[in-house]
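**Q** Using this note's numbering, the first residue of the sequence shown is number 2, and each one after it goes up by one.
In this text, a Cβ means the ideal position worked out from N, Cα and C, and glycines have one as well.
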Amino acid sequence: MERVLVVGAGQMGSGIAQVAAQAGRSVTVHDVAQEFLDRGRETMRTSLGRLVKRGQLTQEQSDAALSRVRFSLDLEAARDADLVVEAIIERFEDKARLWHAVSDVAPESAILASNTSSLPITRLAANVKRPERFIGMHFMNPVPVMQLVEIVTGIQTSEETTLAVEAEAKAYGKTTVRAKDFPGFVSNRVLMPLINEAVYTLYEGIASAEDIDTVMRLGMNHPMGPLQLADFIGLDTCLYILEVLQEGFGDPKYRPCPLLRQYVQAGYLGRKSGRGFYSYK
Ligand SMILES: NC(=O)c1ccc[n+]([C@@H]2O[C@H](COP(=O)([O-])OP(=O)(O)OC[C@H]3O[C@@H](n4cnc5c(N)ncnc54)[C@H](O)[C@@H]3O)[C@@H](O)[C@H]2O)c1
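(1) Using 8 Å for Cβ pairs, my map puts F135 next to A126. What's the rounded Cβ distance?
(2) Would you mind reading off the limits of the alpha helix (DSSP H) that contains H139?
(3) If you draw a straight line from the C-alpha of E133 to the C-alpha of R262, how long is it?
(4) In the DSSP output, which residue or residues are listed as bridge partners for F27?
(5) So, at 8 Å on beta carbons, what are the nonlocal neighbours of G275 in its own chain, with the 5 sequence-adjacent residues on each side left out?
(6) By Cβ distance below 6 Å, which residues in the same chain neighbour A231 in space, the five residues on each side in sequence not counted?
(7) Just to confirm my understanding: we take K273, look at its own chain, exclude 5 residues before and 5 after, and list those with CB closer than 8 Å. What are they?
(8) Quick one: residues in its chain with C-beta nearer than 6 Å to the C-beta of E189, no 5 flanking neighbours on either side, listed in chain order?
(9) Examine chain B for any beta-carbon lying closer than 9 Å to the beta-carbon of R272, and answer yes or no.
(10) Could you round the C-beta distance between V178 and L149 to whole angstroms and report it? I think they count as a contact, below 8 Å.
(11) Considering only C-alpha positions, which residue in the set W100, M147, G9 is nearest to A34?
(12) Since L84 contacts A114 with CB under 8 Å, what's their CB separation in whole angstroms?
(13) Can you determine whether any heavy atom of ligand 2 sits closer than 8 Å to the C-beta of H139, and answer yes or no?
(14) Nearest-angstrom Cα distance between S27 and K181?
(15) Among the residues of its own chain, which have a CB less than 7 Å from the CB of L260, if the five just before and after it don't count?
(16) Taking the continuous beta strand (DSSP E) assigned at A1, which residues delimit it?
(17) Going by beta-carbon coordinates alone, are I17 and A88 separated by less than 9 Å?
(18) Considering only the alpha carbon of each residue, which of G277, M13, T44 lies closest to A210?
(19) Kindly indicate which residue of N116, D212, M193 has the alpha-carbon position closest to the one of R256.
(20) On the premise that V86 lies in contact with V7, defined as a C-beta separation below 8 Å, what is that separation, rounded to the nearest angstrom?
(21) Leaving out five residues before and five after M2 in sequence, what residues of the same chain have Cβ atoms less than 6 Å from its Cβ?
(22) Using only CA atoms, which one of M138, E109, R131 lies nearest to S119?
(23) Would you decide whether P224 is buried or exposed? Buried here means 16 or more other CB atoms lie within 10 Å of its CB.
(24) I156 and E167: beta carbons closer than 9 Å?
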């Protein structure tokens with residue numbers, strides 16, 4: 002694929018644009034306001050600068066990657082895109098509206114991919130003209146660092162689309178796995194119950210947050226304990242995904258721990274708010 006449109010210049014979108022540009026793609030990043038585009042460009046510049054400092058990239062390669070990225074407030078950029086990757090806010094109505102608009106403009110041959118971490122791909126695909134060309138491309142945060150892309154196939158996604166997106170992710174230096182379109186895919190289906198159980202263990206006074214994380218780090222060789230990881234992801238995001246799992250499967254085993262809910266109500270959202278299971282002041 003030559004031309005990639007990334008919609009959403011946030012944390013994920015800027016990372017996706019960066020790895021696509023590093024792979025030689027001609028990239029356009031679209032967002033709704035200039036300030037978001039500027040912030041996205043800055044994030045990309047900082048991230049590439051870090052790679053240069055570490056000797057993983059030459060200054061010329063970094064400059065060349067940046068020169069391949071255009072920033073645009075106009076969705077017309079979809080007109081000649083081979084691949085559109087959407088990484089906007091995780092709200093179904095917003096994504097549905099956006100995909101309608103993209104589908105009106107993009108060529109029939111374009112592959113349409115959402116980076117959603119929790120919304121059903123099949124339901125999103127109902128908003129485009131060619132659902133067989135719609136797929137989930139679930140990058141992990143931070144995109145330039147994390148190896149995995151979870152490829153999520155909706156019920157109508159074609160094998161041709163899946164193969165093309167797998168090849169594209171590999172060209173970005175990523176490893177892919179396929180997951181069918183059910184709540185949480187593989188990543189959050191396995192991770193969120195672990196985090197939730199860690200919160201229950203804290204809630205029931207079995208051990209302190211530090212000790213729960215130490216057990217998982219030193220006993221199970223996890224690089225980060227589940228409570229520290231939850232703070233990193235955002236406790237509001239964890240709660241939301243657990244609710245998606247609980248509702249999607251109708252199974253009480255996904256019931257979010259009341260302590261998690263209470264923390265979110267108190268505004269303890271993790272790193273981003275300065276306090277979660279740990280304090281970041
Ligand atoms: N942050 C993570 O750890 C993570 C990991 C995997 C997947 N995701 C998914 O990636 C997506 C983006 O997450 P993020 O963390 O980058 O969010 P973010 O808030 O950092 O960025 C979202 C960007 O989308 C823009 N936007 C919102 N509505 C738009 C529209 N209609 N058109 C164009 N741009 C629009 C916003 O202005 C913002 O710049 C979400 O679907 C999220 O679930 C996030």
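**A** On the basis of the coordinates in this document:
(1) Start at 1 with the first residue of the sequence shown, and residue 135 comes out as number 134. Start at 1 with the first residue of the sequence shown, and residue 126 comes out as number 125. Contact holds; Cβ gap of about 4 Å.
(2) Residue 139 sits at position 138 when you count from the first residue of the sequence shown. Element bounds for H139: not the alpha helix (DSSP H) but the beta strand (DSSP E), 135-140.
(3) If you number the sequence shown from 1, residue 133 lands on position 132. If you number the sequence shown from 1, residue 262 lands on position 261. The alpha-carbon atoms of E133 and R262 are separated by roughly 38 Å.
(4) Numbered from its first residue, the sequence shown carries residue 27 at position 26. First, the residue type needs correcting, since residue 27 is Ser and not Phe in the sequence shown. S27 is bridged to R4.
(5) Here residue 275 is taken as the residue at index 274 of the sequence shown, counted from 1. Here the set comprises Y281, K282.
(6) Indexing the sequence shown from 1 puts residue 231 at position 230. Within the same chain, A231 has close Cβ partners I196, C239.
(7) As a first step, residue 273 is located in the sequence shown; it is residue number 272 there, counting from the start. Excluding residues within five positions, the ones whose Cβ falls inside 8 Å are G235.
(8) Here residue 189 refers to the residue found at position 188 of the sequence shown. Note on identity: in this sequence residue 189 is Asn, with Glu being the wrong assignment. Closer than 6 Å at the Cβ level, and outside the excluded window around N189, lie I242.
(9) Reference to chain B is not applicable here, since this structure consists of a single protein chain.
(10) What you label residue 178 is simply residue 177 of the sequence shown in a count that begins at 1. What you label residue 149 is simply residue 148 of the sequence shown in a count that begins at 1. At roughly 7 Å, the Cβ-Cβ gap stays under 8 Å, so V178 and L149 are in contact.
(11) Along the sequence shown, read from residue 1 onward, the residue named residue 34 stands at position 33. Taking only the C-alpha atoms, the option nearest A34 is G9.
(12) Counting from 1 along the sequence shown, the entry for residue 84 is found at position 83. Counting from 1 along the sequence shown, the entry for residue 114 is found at position 113. The pair is a contact, with the Cβ atoms about 7 Å apart (cut-off 8 Å).
(13) For the structure depicted, ligand 2 is absent and the ligand set comprises only ligand 1.
(14) Here the question's residue 27 lines up with position 26 in the sequence shown. Here the question's residue 181 lines up with position 180 in the sequence shown. Between S27 and K181, the C-alpha separation is close to 30 Å.
(15) Within the sequence shown, residue 260 is the residue found at index 259, counting from 1. Once the five neighbours on either side are set aside, the close Cβ partners of L260 are V200, L203, Y204.
(16) Within the shown structure, residues of the chain are numbered from 2 to 282, placing residue 1 beyond reach of any answer.
(17) Counting from one through the sequence shown, the residue named residue 17 turns up at place 16. Counting from one through the sequence shown, the residue named residue 88 turns up at place 87. Going by C-beta atoms, I17 is nearer than 9 Å to A88.
(18) On the sequence shown, position 209 is the one that residue 210 refers to. Comparing Cα positions, the closest option is G277.
(19) For this step, residue 256 is matched to residue 255 along the sequence shown. The option with the nearest alpha carbon to R256 is M193.
(20) Residue 7 sits at position 6 when you count from the first residue of the sequence shown. Residue 86 sits at position 85 when you count from the first residue of the sequence shown. About 5 Å separates the two Cβ atoms, so the contact holds.
(21) The count along the sequence shown starts at 1 and reaches residue 2 at position 1. D83, L84, E169, listed in sequence order.
(22) By one-based count along the sequence shown, residue 119 stands at place 118. Comparing Cα positions, the closest option is M138.
(23) Reading the sequence shown from its first residue, position 223 is the one you call residue 224. The residue is exposed, with fewer than 16 neighbouring Cβ atoms inside 10 Å.
(24) Your numbering for residue 156 matches position 155 in the sequence shown. Your numbering for residue 167 matches position 166 in the sequence shown. Not in contact: I156 and E167 (Cβ atoms no closer than 9 Å).
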